[in-house]
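Reading through the structure tokens given below for one structure.
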Amino acid sequence: MASLLSVRDLHVSYGAIKAVRGVSFDINEGEIVTLIGANGAGKSTTLNTVAGLIRPDSGSVEFGGDSLVGVPAHKVLKRGLALCPEGRRVFTQMSVAENLEMGGYTRTDAENRETLEMIFEHFPRLKERRGQVAGTLSGGEQQMLAMGRALMSRPRLLMLDEPSMGLAPILVQEIFDIVKQLNEAGTTILLVEQNANMALSVADRAYVLEIGTIKKTGTGAELLVDDDVRKAYLGG
Ligand SMILES: Nc1ncnc2c1ncn2[C@@H]1O[C@H](COP(=O)(O)OP(=O)(O)O)[C@@H](O)[C@H]1O
Ligand SMILES: [Mg+2]
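Numbering that gives the first Met the number 0 numbers the first residue of the sequence shown as 0 and each following residue consecutively.
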């Protein structure tokens, strides 16, 4: 299996705060990989750095064999790496369809028409609500829209930052089912979650991030039964 994303010894800080302290991980084509960790562990900083929104102090990020360090976010997207950010950040004043259109700005109209059909198959609720203003959607629907918008760029790798945050358990299940479906349809996924139980259940492999450092790695199934992981992240 070829490594699609390879992050090596990444260091990222905000002024004097060292948020990421030597993180290394790999994602192979076709996998769902999850990065789990407590609030403040450095998960979002890692994703935002890979996406080109933050410049690292040091370390390397290679995507499909090319370096991404110093590449601006819109070019990272063009190369096939999309971020669905924490807190959704949909354009609340725009309709569902307009939000999706914004996500397709790197693609042609013909491509976008085709991608939209694919997205509506995964998210029938977005199809029903295509004319609705995004700010009036429920939290779960806004999450679906944020994921749909990221998918409009047809990414080779989709990075999801806490897609289950703030959602009722039934919607959390629905979002994770969709993550699985998207992966089965060919998208490689990097999933960041505080909901370790769900994340480990869908992931092929996982990394545990603590205070900016990778503390453990294994398959999702291995970490679900790991004593330390159970105590720290799965409520015993
Ligand atoms: N914009 C910022 N300015 C200063 N410190 C930040 C900023 N964003 C995050 N941090 C700090 O960096 C650390 C990692 O944060 P973050 O990557 O958001 O963690 P996580 O996503 O795992 O909750 C935390 O200590 C957090 O307070
Ligand atoms: Mg975060």
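Ideal placement from N, C-alpha and C gives every residue a C-beta, glycine not left out.
All of these numbers come straight from a predicted model, not from anything done at the bench.
Three-state secondary structure (DSSP) of residue i
{"i": "glutamate 61", "result": "strand"}
{"i": "aspartate 176", "result": "helix"}
{"i": "valine 70", "result": "coil"}
{"i": "serine 163", "result": "coil"}
{"i": "glycine 185", "result": "coil"}
{"i": "glycine 21", "result": "strand"}
{"i": "glutamate 28", "result": "coil"}
{"i": "alanine 133", "result": "helix"}
For residue j and residue i, believed in contact at Cβ under 8 Å, the rounded distance
{"i": "glutamate 192", "j": "isoleucine 35", "result": "6 Å"}
{"i": "leucine 99", "j": "methionine 158", "result": "No, leucine 99 and methionine 158 are not in contact; Cβ-Cβ is about 18 Å, not under 8 Å."}
{"i": "alanine 50", "j": "valine 75", "result": "6 Å"}
{"i": "leucine 3", "j": "arginine 155", "result": "7 Å"}
{"i": "alanine 133", "j": "threonine 91", "result": "5 Å"}
{"i": "methionine 197", "j": "serine 163", "result": "6 Å"}
{"i": "lysine 215", "j": "valine 201", "result": "Not confirmed; about 18 Å, so no contact."}
{"i": "alanine 81", "j": "leucine 52", "result": "No, alanine 81 and leucine 52 are not in contact; Cβ-Cβ is about 12 Å, not under 8 Å."}
{"i": "threonine 212", "j": "valine 6", "result": "Not quite, the Cβ-Cβ distance comes to about 13 Å (not below 8 Å), so this is no contact."}
Extent of the continuous beta strand (DSSP E) to which residue i belongs
{"i": "tyrosine 206", "result": "204-209"}
{"i": "glutamate 113", "result": "That residue, glutamate 113, is in no beta strand (DSSP E); its alpha helix (DSSP H) goes 108-121."}
{"i": "arginine 88", "result": "Run containing arginine 88: none; DSSP gives neither H nor E here."}
{"i": "serine 43", "result": "No beta strand (DSSP E) holds serine 43; the alpha helix (DSSP H) holding it covers 42-49."}
{"i": "asparagine 98", "result": "Element bounds for asparagine 98: not the beta strand (DSSP E) but the alpha helix (DSSP H), 95-102."}
{"i": "asparagine 196", "result": "Unbroken run through asparagine 196 is the alpha helix (DSSP H), 195-201; no beta strand (DSSP E)."}
{"i": "leucine 144", "result": "Premise fails: leucine 144 lies in the alpha helix (DSSP H), 138-150, not in any beta strand (DSSP E)."}
{"i": "arginine 7", "result": "2-13"}
Residue burial classification, residue i (beta-carbon count within 10 angstroms, cutoff 16)
{"i": "valine 224", "result": "exposed"}
{"i": "alanine 145", "result": "buried"}
{"i": "proline 168", "result": "exposed"}
{"i": "asparagine 111", "result": "buried"}
{"i": "glycine 130", "result": "exposed"}
{"i": "asparagine 38", "result": "exposed"}
Boundaries (first-last residue) of the alpha helix (DSSP H) holding residue i
{"i": "arginine 229", "result": "226-232"}
{"i": "alanine 220", "result": "219-223"}
Heavy atom of ligand 4 within 7 Å of residue i beta-carbon
{"i": "alanine 195", "result": "Annotation note on ligand 4: not contained in the displayed structure, which lists ligand 1 and ligand 2 as its ligands."}
Near ligand 2, which residues have their beta-carbon less than 7 Å from any of its heavy atoms, given in chain order?
-> That gives Lys42, Ser43, Glu85, Asp160, Glu161, Val191.
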